[in-house]
Ligand code: AMP
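Residue numbers (the working numbering): 32 to 249.
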């Protein structure tokens, strides 16, 4: 199965996508995590992308399309994958359609997670993550056991993302509205879009997401 999770920053794509991929034995492909890994390794891609990401701008389409084209060919993605953070522009969506058509592996479902802006800003400012496994916590609604370290890596202090500052969050939401939100129409037109409310308890959201994916399971 090929699943795309669509939705604004902070809506829960990473948290829910990770659980979905692990439950079904699919690969979780998070383009944000791939870029953050490149930054940590100081590759030329990382150096280039880091500047844009820190300001809340998108990394150019050809770079992202190349990354996803390669990553979706890796072995762990053979049974299926959940895309988190890609596509983010109409050009990326069209490229993804073309890549999957070449491989005769069409997209099965696109789930759009939704939440009001106020809630997104509240969540992003309380977001902490494990630099080792990228597990995401929320200081208010879903803290780690001791509030400072990762539950799965008790030696590792949680960190805040460089782009979760107030100004950058605002720009990321503007960029989302201008460039990514129109993708809902692209996928609605293909009959692949399902909408799921991203607010409420994590388990409730996951239940609705699973149900949306199950209706598309072949
Ligand atoms: P995320 O972790 O998905 O919130 O992504 C963090 C940042 O990485 C974004 O604000 C963009 O700067 C960049 N990024 C991630 N995925 C993409 C993409 N598909 N296209 C362009 N930029 C991206």
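Ideal placement from N, C-alpha and C gives every residue a C-beta, glycine not left out.
(request) Go through its chain and collect everything with a Cβ distance to residue 146's Cβ below 6 Å, but skip five positions before and after it. (result) The residue given as residue 146 occupies position 115 in the chain shown. Taking residue 146 as the centre and dropping the five residues before and after it, the same chain places the C-beta of 42, 229 and 230 closer than 6 Å to its C-beta, in chain order.
Rounded to a whole number of angstroms, what is the C-alpha to C-alpha distance between residue 103 and residue 63?
Numbered from its first residue, the chain shown carries residue 103 at position 72. Numbered from its first residue, the chain shown carries residue 63 at position 32. Residue 63 has its alpha-carbon roughly 15 Å from the corresponding atom of residue 103.
field: alpha helix (DSSP H) runs contained entirely in the region 90-136, provided each spans 4 or more residues
entry: If you keep only unbroken alpha helix (DSSP H) runs of at least 4 residues inside the region 90-136, you get 92-102 and 121-133.
Roughly how many angstroms separate the alpha carbons of residue 136 and residue 108, rounded to a whole number? Locating residue 136 in the chain shown gives position 105, where the first residue counts as 1. Locating residue 108 in the chain shown gives position 77, where the first residue counts as 1. Taking the straight line from one Cα to the other gives about 12 Å.
Label residue 250 either buried or exposed according to how many other C-beta atoms from any shown protein chain fall within 10 Å of its C-beta, with 16 as the threshold for buried.
-> The question about residue 250 has no answer here: the residues shown for the chain are numbered 32 through 249.
>> Measuring straight from C-alpha to C-alpha, what distance separates residue 79 and residue 89?
In response: Sequence index remark: in the chain shown, residue 79 carries index 48 (1-based). Sequence index remark: in the chain shown, residue 89 carries index 58 (1-based). Rounded to the nearest angstrom, the two C-alpha atoms are 11 Å apart.
Q. Is DSSP giving residue 33 helix, strand or coil here?
A. Along the chain shown, read from residue 1 onward, the residue named residue 33 stands at position 2. The answer is strand: DSSP assigns residue 33 an E or B state.
| query | Going by other Cβ atoms of all chains shown within 10 Å of its Cβ, with 16 needed for buried, is residue 39 buried or exposed? | reply | Locating residue 39 in the chain shown gives position 8, where the first residue counts as 1. Its Cβ being crowded by 16 or more others within 10 Å, residue 39 is buried.
Which same chain residues end up closer than 6 Å to residue 59 when comparing Cβ atoms and leaving out the 5 residues on each side of it in sequence? By 1-based counting over the chain shown, the position of residue 59 is 28. Correct list, in chain order: 48, 49, 52 and 113.
Handout entry: Counted within 10 angstroms of its Cβ, other Cβ atoms place residue 238 as buried (16 or more) or exposed
Key = Within the chain shown, residue 238 is the residue found at index 207, counting from 1. Classification for residue 238: exposed.
* Asked: Just the Cα atoms here: how many angstroms apart are residue 241 and residue 45?
  -> Position 210 of the chain shown, counted from the start, is the residue given in the question as residue 241. Position 14 of the chain shown, counted from the start, is the residue given in the question as residue 45. Taking the CA atoms as reference points, residue 241 sits about 15 Å from residue 45.
Next item on the list: Assess, as a yes-or-no matter, whether the region 215-223 is touched by the region 193-206 under the definition of 3 or more beta carbon pairs within less than 8 Å.
Entry: Judged by Cβ distances under 8 Å, the region 193-206 makes no contact with the region 215-223, as fewer than three pairs qualify.
message = As a quick exercise: from 149, 153 and 185, pick the residue whose alpha carbon is nearest that of residue 162.
response = To locate residue 162, count along the chain shown from 1; it is residue 131. Considering only 149, 153 and 185, the residue with the shortest C-alpha distance to residue 162 is 185.
Task: residue 132 burial status per 10 Å Cβ neighbour count (16 or more: buried) - done: Here residue 132 refers to the residue found at position 101 of the chain shown. Looking at its Cβ environment, which holds fewer than 16 other Cβ atoms inside 10 Å, residue 132 is exposed.
3-residue-minimum beta strand (DSSP E) runs that sit fully inside the region 152-186, ordered along the chain: List check, beta strand (DSSP E) in window: 158-160 and 167-169.
Notebook entry, point to check: Could you give the residue range of the beta strand (DSSP E) that holds residue 225?
Noted result: Here residue 225 is taken as the residue at index 194 of the chain shown, counted from 1. Residues 224-228.
request  = Could you check which residue in 123, 165 and 172 has the C-alpha nearest to that of residue 65?
outcome  = For the purposes of this step, residue 65 is taken as the residue at position 34 of the chain shown. Ranking the options by Cα distance to residue 65, first place goes to 165.
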